[in-house]
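What follows is one structure encoded as structure tokens, with my remarks underneath.
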Amino acid sequence: MAKSKSFHHGDLKRALMRAALEILDEDDVAGVTIRAVAKRAGVSHAAPANHFPDRRALLTTLAAEQFEWIFDAIQAGSSRDDLMPIDRIAVLFDVFLQFGLEHPYRYQLLWRYDLIDHDADILREPADRVYDFLTGEIGKIICRKTVDPDTVAVAIWSMMHGYLDLRMTGMFEDRQDIISGKPRAQAILSIISDYLEGLRAAP
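In terms of our numbering, the sequence shown opens at residue 116 and continues consecutively.
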């Protein structure tokens with residue numbers, strides 16, 4: 116029988132998270148169990164208990180790390196001073212699109228309310244930062260008080276995730292818009308931009 120590895124407290128948690136992410140990428144969320152993660156990390160099946168009392172806690176932490184990564188990527192891509200709010204919304208759209216297409220199992224985990232605890236602070240806080248980024252940029256564009264930025268954010272959020280889900284399932288292909296010649300995702304962003312500009316111009 117292989118000997119279990121020895122880790123310092125913080126090192127063990129990082130090793131477990133790396134193992135969980137590897138398994139998620141390989142086998143989808145069904146393969147991510149406490150026992151499988153412990154085995155991949157080279158520790159006893161009881162070792163994760165101090166960090167993750169159950170599978171839900173493990174998956175919640177894993178999802179939280181993905182939201183942290185997404186937010187950091189959005190911040191990095193939108194840090195230039197010359198970018199307009201619609202440009203920053205485009206960065207958010209692109210980050211989610213690339214993240215979902217390159218890491219479909221990670222993306223799907225973010226919305227598995229049956230498996231993760233969306234009320235946990237560790238998850239809610241980074242998820243809220245991503246959504247608040249969107250509503251904040253929308254608020255910089257919309258001037259009409261009768262339009263709720265959150266309602267607009269829900270519309271854009273739904274369009275973005277709906278398109279990505281259809282791409283991931285193969286229902287939509289990566290085609291070009293026949294009028295503009297732009298890739299479909301960029302054409303969708305142009306429609307969103309025109310919509311937001313219309314709200315700015317409205318009395």
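Don't be surprised by glycine CBs; every beta carbon is placed ideally from N, CA and C.
Owing to the predicted nature of the structure, the values given are computational and were not obtained by experimental measurement.
A direct Cα-Cα distance of roughly 13 Å separates L224 from A242. If you compare the alpha carbons of I294, Y310 and D236 with that of P264, the shortest gap goes to Y310. Between A270 and Y228, the alpha-carbon positions lie close to 21 Å from each other. Comparing alpha-carbon positions, the option among L127, A145 and L207 lying closest to R171 turns out to be A145. Taking C-alpha positions only, R155 is separated from A235 by approximately 26 Å. R129 is the residue among R129, D196 and L198 whose C-alpha sits nearest the C-alpha of N165.
Judged by DSSP in its simplified three-state form, P298 adopts strand. Straight-line spacing of the CA atoms in G254 and V262 works out to 10 Å.
Around the C-beta of G285, fewer than 16 other C-beta atoms lie within 10 Å, and the residue is accordingly described as exposed. Boundaries cannot be given for H218, as no alpha helix (DSSP H) includes it and DSSP labels it neither H nor E.
By the Cβ-count criterion, M275 is buried, with 16 or more other Cβ atoms from all chains shown falling within 10 Å of its own Cβ. Residue range P264 to M283 is occupied by the alpha helix (DSSP H) that includes H276.
A Cβ-Cβ separation of about 5 Å places I231 in contact with A178 under the 8 Å criterion. The residues R315, in chain order, have a CB closer than 7 Å to that of C258 in the same chain once the five nearest residues on each side in sequence are set aside. In its chain, beyond the 5 residues on either side, I231, D232, A235 and L238 have a beta carbon closer than 6 Å to the beta carbon of T175.
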